[in-house]
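**Q**
2 protein chains.
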Amino acid sequence: MFGSGSSCGLPVLLTDVYCKTLLVLNKPRYIACLHYLWGKTMGKKRVCIVGSGNWGSAIAKIIGKNVRDRSELFEETVMMYMYEELVNGRKLTEIVNTEHENVKYLPGIKLPDNIVAVPDVVEASKDADILIFVIPHQFVKTTCRSMAGKIKKDAVAVSLIKGFDQTPEVGIQLISTVIHDMLNIDCAVLMGANLAHEVAEEQFCETTIGAATEEEGNLIKEVFETPYFRCSVVTDAQTVEMCGALKNVVAIGAGIVDGLKMGDNTKAAVIRLGLMEMVAFGEMFIPGCTRETFFESCGVADLVATCHGGRNRMLGEAVVQSEKTLKELEKEILHGQSFQGPLVAREIYSMLELKNLTERFPLFTAIHQICKREMDPRDFIECLRNHPEHL
Amino acid sequence: MFGSGSSCGLPVLLTDVYCKTLLVLNKPRYIACLHYLWGKTMGKKRVCIVGSGNWGSAIAKIIGKNVRDRSELFEETVMMYMYEELVNGRKLTEIVNTEHENVKYLPGIKLPDNIVAVPDVVEASKDADILIFVIPHQFVKTTCRSMAGKIKKDAVAVSLIKGFDQTPEVGIQLISTVIHDMLNIDCAVLMGANLAHEVAEEQFCETTIGAATEEEGNLIKEVFETPYFRCSVVTDAQTVEMCGALKNVVAIGAGIVDGLKMGDNTKAAVIRLGLMEMVAFGEMFIPGCTRETFFESCGVADLVATCHGGRNRMLGEAVVQSEKTLKELEKEILHGQSFQGPLVAREIYSMLELKNLTERFPLFTAIHQICKREMDPRDFIECLRNHPEHL
Chain A
0 MFGSGSSCGL PVLLTDVYCK TLLVLNKPRY IACLHYLWGK TMGKKRVCIV
50 GSGNWGSAIA KIIGKNVRDR SELFEETVMM YMYEELVNGR KLTEIVNTEH
100 ENVKYLPGIK LPDNIVAVPD VVEASKDADI LIFVIPHQFV KTTCRSMAGK
150 IKKDAVAVSL IKGFDQTPEV GIQLISTVIH DMLNIDCAVL MGANLAHEVA
200 EEQFCETTIG AATEEEGNLI KEVFETPYFR CSVVTDAQTV EMCGALKNVV
250 AIGAGIVDGL KMGDNTKAAV IRLGLMEMVA FGEMFIPGCT RETFFESCGV
300 ADLVATCHGG RNRMLGEAVV QSEKTLKELE KEILHGQSFQ GPLVAREIYS
350 MLELKNLTER FPLFTAIHQI CKREMDPRDF IECLRNHPEH L
Chain B
0 MFGSGSSCGL PVLLTDVYCK TLLVLNKPRY IACLHYLWGK TMGKKRVCIV
50 GSGNWGSAIA KIIGKNVRDR SELFEETVMM YMYEELVNGR KLTEIVNTEH
100 ENVKYLPGIK LPDNIVAVPD VVEASKDADI LIFVIPHQFV KTTCRSMAGK
150 IKKDAVAVSL IKGFDQTPEV GIQLISTVIH DMLNIDCAVL MGANLAHEVA
200 EEQFCETTIG AATEEEGNLI KEVFETPYFR CSVVTDAQTV EMCGALKNVV
250 AIGAGIVDGL KMGDNTKAAV IRLGLMEMVA FGEMFIPGCT RETFFESCGV
300 ADLVATCHGG RNRMLGEAVV QSEKTLKELE KEILHGQSFQ GPLVAREIYS
350 MLELKNLTER FPLFTAIHQI CKREMDPRDF IECLRNHPEH L
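Each protein sequence line maps, in turn, to chains A and B. First residue of the first sequence: 0, per numbering that gives the first Met the number 0; consecutive thereafter. First residue of the second sequence: 0, per numbering that gives the first Met the number 0; consecutive thereafter.
Encoded structure:
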């Protein structure tokens, strides 16, 4: 999916021979070597954050500090594209740039003052070497359309966006594929058990970087890693991204179990069967998908966190407790925003139906039908009793 | 570890050729074939349950019904060894055999009337073909000592007991090894996300049977499987058993996170790092350990359930909230019974220390030290920041 090789401009042969030797010897020396090679031979890298919601702001806090601490690698100023809105009559960009706080989406958390909010995406991104995408997935295409042809040719993108893109012509596409295709640059991903406000409060957690090569992944790690935000790198990037979308479907199932007042055994079974459907989905549709990736934070950890907290679990509970439609529940719980789980469930359902595979994925299928109110949530467990995993 | 081949007396060659062909064709016919071969050629099997606590009684409810429903395979009467005690002046065996309810350990749940409580373990087990061990692990050796030489030579055991055995001479041993060595019979295991009272209430869940061969596992499955208790069979039996012991150590860690009032991200990270230490432990010490087994109910599902419910999680929470010793907390929370997690943590710590491996297992090591009150639980997360999984 991603191009391979020297996407960050690193002299790959040299890193391969030299760094890997050092990696065996000693990790800090390996990092020092990366710094040397990358910093000195290619110039400092400029980071831009495309997006500034809850998660974008939490990650901006990390990135602002990291680029300062690693000033041999990165330019100090980080542009953050922010959709302009008024808060109490003042522009949000102006508030962020003077008070260093995103008072609307991440109140109470100070951002480093080298984070500069910019309301024009072209202005924010045109000189960047590393573009961190962290916007709602429905805005990816319009945003990329504005940026296309106006960014650096050798820039690299990192998508933090969860969900799929779907069009009648192409079917389901990973967001990283959309970014790659529209901007003609490599696109890595970062996913994990990372609820934004907990990361902003510096609570210890882990995340997974999926990149085309280990070198690329290790460089991206320099942008994100802190003592409270631990990054693992894998090259099975598409599976990392798929996990980030599918876990929200499973979380609805976990919420249904909660709504039905069933216990920890049943919830654990639903989480495990959901995980096994994620694995089966990956193995069917993602070239190079490996089960190892599901042991990473993006896999089992994010799934467990999402099935015990988060909006989609709450939706599953609400679906049992009321007869309201999805639209009504979105209005009531999310004040009109969309739940991501049902959207993904619908997208994969249409794909599974087309390929005659709904019986292989009874959990995904049931959750789609329950969200559409075509199935009573009380029948959910019935669909799992003869799961293909039990045969 | 286990002997291989025809441990249940099944003509292995015939099953191999005939049943595997049928398995490909059609599952019910495969079961029918097992019934035919096993029932007709070898006679009906007699099941004995060695143990009658909370979990033993919940499983007795299942087994009593299954042997009746599968009367071509099993003798109807199931002996259940029960340590005799008085309840309101009456013998507990007498209450169970007249009122068909274990009023002390599983009140409110009716047992099938073909479950016969017997206070003498030799009497209960001497004619059995299948011995289900479900006693506290500290009683395994004395119980086996009573039974040795007095049971059928071709009987097969199934251990539902969680934990390890440890002696100064041998070090850590699996309970199934102890049973196998003392009774000279095969010993399979059954472990999963199976809180007893939820199983007794017929809430849907899954479990994992680890047996020497698939044939043996499939026969054991006939004893246990119901529409609400779904059994998967694997041949990596030692890993299944190891998961059942180690998950309780990780659960203390999850409880510490709860006690520290940290969020879902941190808890997910602790659960994942615990899982990865379980995997590393298995890969180091269990021949034939495969990562696939951790995807079964005994692995990820039981871990998730135990880290969100159960006693050991509660202990972790209590260790943060008070300064009391483990003994005091056992007295307070379990009325003098032992928590299993600290016991297992101590056993594996002594093994890891001996082999100079404590740095490879910082989570297991920290939990042992916290339980011994040699480390402040507030330092727990500090030990995980540079986990080997992050290198």
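All C-beta atoms in this analysis are idealised placements derived from N, C-alpha and C, irrespective of residue type, glycine included. Quantities reported herein were computed from a predicted structural model and do not represent experimental measurements.
In whole angstroms, what separates the C-alpha of K109 (chain B) from that of G262 (chain B)?
**A** Their Cα atoms are separated by approximately 40 Å.
**Q** Exposed or buried, which one is A123 (chain B) when buried takes at least 16 other CB atoms within 10 Å?
**A** Flag for A123 (chain B) reads buried.
**Q** Under 8 Å, do S321 (chain A) and E329 (chain A) count as touching if we go by C-beta distance?
**A** No.
**Q** Measure from the C-beta of D112 (chain A) to each C-beta in chain B and report whether the shortest distance is under 8 Å.
**A** With 8 Å as the cut-off, D112 (chain A) does not count as an interface residue toward chain B.
**Q** Identify every run of the alpha helix (DSSP H) within the stretch 161-244 of chain B, keeping only runs that are complete inside it and at least 4 residues long; order them along the chain.
**A** Those alpha helix (DSSP H) runs which fall completely within the stretch 161-244 of chain B and span 4+ residues are 174-182, 195-199, 213-223.
**Q** Which of the three DSSP states is assigned to E276 (chain A) in this structure?
**A** Looking at E276 (chain A) - three-state DSSP - the assignment turns out to be helix.
**Q** Give the DSSP-derived three-state secondary structure of A116 (chain A) in the structure shown.
**A** Reduced to three states, the DSSP call for A116 (chain A) is strand.
**Q** In this structure, how does DSSP classify Y348 (chain B) when only helix, strand and coil are distinguished?
**A** Y348 (chain B): helix per DSSP, three-state reduction.
**Q** Taking C-beta pairs closer than 9 Å, name the residues in chain B that V198 (chain A) reaches, listed in chain order.
**A** Under the 9 Å cutoff, chain B gives N264.
**Q** Please go through the stretch 44-129 of chain A and give each complete beta strand (DSSP E) segment of 3 or more residues, from N-terminal end onward.
**A** If we require 3 residues or more, the beta strand (DSSP E) runs fully inside the stretch 44-129 of chain A come out as 46-49, 77-80, 114-117.
**Q** Answer yes if the stretch 298-318 of chain A comes into contact with the stretch 265-279 of chain B, meaning at least three C-beta pairs across the two stretches below 8 Å, and no otherwise.
**A** Enough Cβ pairs lie closer than 8 Å, so yes.
**Q** Please tell me whether I160 (chain A) and L130 (chain A) are closer than 8 Å, where the distance is taken between their beta carbons.
**A** Cβ atoms of I160 (chain A) and L130 (chain A): not closer than 8 Å.
**Q** Does C382 (chain B) get closer than 8 Å to chain A when you measure Cβ to Cβ?
**A** Not an interface residue.
**Q** Distance, Cα to Cα, G87 (chain B) vs G335 (chain B)?
**A** Going by the sequence as given, residue 87 (chain B) is Asn instead of Gly. So the two alpha carbons sit approximately 21 Å from each other.
**Q** When you check each C-beta in the stretch 288-311 of chain B against every C-beta of chain A, which residues fall closer than 9 Å?
**A** Residues R290, E291, F293, F294, E295, S296, G298, V299, A300, D301, L302, V303, A304, T305, C306, H307, G308, G309.
**Q** Starting from S145 (chain B), find everything on chain A with Cβ-Cβ shorter than 7 Å and list it in chain order.
**A** Going along chain A, no residue has its Cβ under 7 Å from S145 (chain B), so there is no contact; the nearest lies around 33 Å.
**Q** At a CB-CB cut-off below 7 Å, which residues of chain B make contact with R271 (chain A)?
**A** Neighbours of R271 (chain A) on chain B, chain order: E205, S296, V299, A300.
**Q** Which residues in the same chain have their Cβ closer than 8 Å to the Cβ of V177 (chain A), if we skip the five residues on either side of it in sequence?
**A** For V177 (chain A), where only same-chain residues beyond five positions count, the Cβ hits under 8 Å are V139, K140, C143, D164.
**Q** Does the beta carbon of L194 (chain B) come closer than 8 Å to any beta carbon on chain A?
**A** Judged by the 8 Å Cβ criterion, L194 (chain B) is in contact with chain A.
**Q** Run the CB neighbour count on P376 (chain B), radius 10 Å, all protein chains shown included, and call it buried at 16 or more, exposed below.
**A** Label assigned to P376 (chain B): buried.
**Q** Is there a Cβ of chain A sitting closer than 8 Å to that of H389 (chain B), yes or no?
**A** Chain A contact via Cβ: present.
**Q** Which of the three DSSP states is assigned to A365 (chain B) in this structure?
**A** Helix at A365 (chain B).
**Q** Along the beta strand (DSSP E) that carries A156 (chain B), what are the first and last residues, could you check?
**A** Per DSSP, A156 (chain B) belongs to the beta strand (DSSP E) from 155-158.
**Q** With H, G and I counted as helix, E and B as strand and the rest as coil, what does DSSP make of I131 (chain B)?
**A** Reduced to three states, the DSSP call for I131 (chain B) is strand.
**Q** Can you name the start and end residues of the alpha helix (DSSP H) that S145 (chain A) belongs to?
**A** From DSSP, the alpha helix (DSSP H) with S145 (chain A) extends over 139-146.
**Q** Chain A beta carbons: is any one of them nearer than 8 Å to that of S321 (chain B)?
**A** With 8 Å as the cut-off, S321 (chain B) does not count as an interface residue toward chain A.
**Q** Where does K151 (chain B) fall in DSSP's three states?
**A** Note: K151 (chain B) maps to coil in three-state DSSP.
**Q** May I ask you to report which of helix, strand or coil DSSP gives N247 (chain B)?
**A** Looking at N247 (chain B) - three-state DSSP - the assignment turns out to be helix.
**Q** Rounded to a whole number of angstroms, what is the C-alpha to C-alpha distance between Q202 (chain A) and W54 (chain B)?
**A** Cα to Cα, the separation comes out at about 37 Å.
**Q** Residues of chain A with CB closer than 9 Å to the CB of M275 (chain B), please, in chain order.
**A** What M275 (chain B) touches in chain A: F294.
**Q** Under 9 Å between beta-carbons, which chain B residues line up against S231 (chain A)? List them in chain order, please.
**A** Ordered by position in chain B, the residues that pass the 9 Å Cβ test against S231 (chain A) are E388, H389.
**Q** Can you have a look at L333 (chain A) and say buried or exposed, based on whether 16 or more other CB atoms are within 10 angstroms of its CB?
**A** L333 (chain A) should be labelled exposed.
**Q** Which word fits A71 (chain B), buried or exposed, when buried means at least 16 other C-beta atoms lie within 10 angstroms of its C-beta?
**A** It should be noted that the sequence gives Glu, not Ala, for residue 71 (chain B). That one is exposed.
**Q** Between the stretch 367-381 of chain B and the stretch 250-269 of chain B, do at least 3 Cβ pairs fall closer than 8 Å?
**A** Counting Cβ pairs under 8 Å, three or more are found: they touch.
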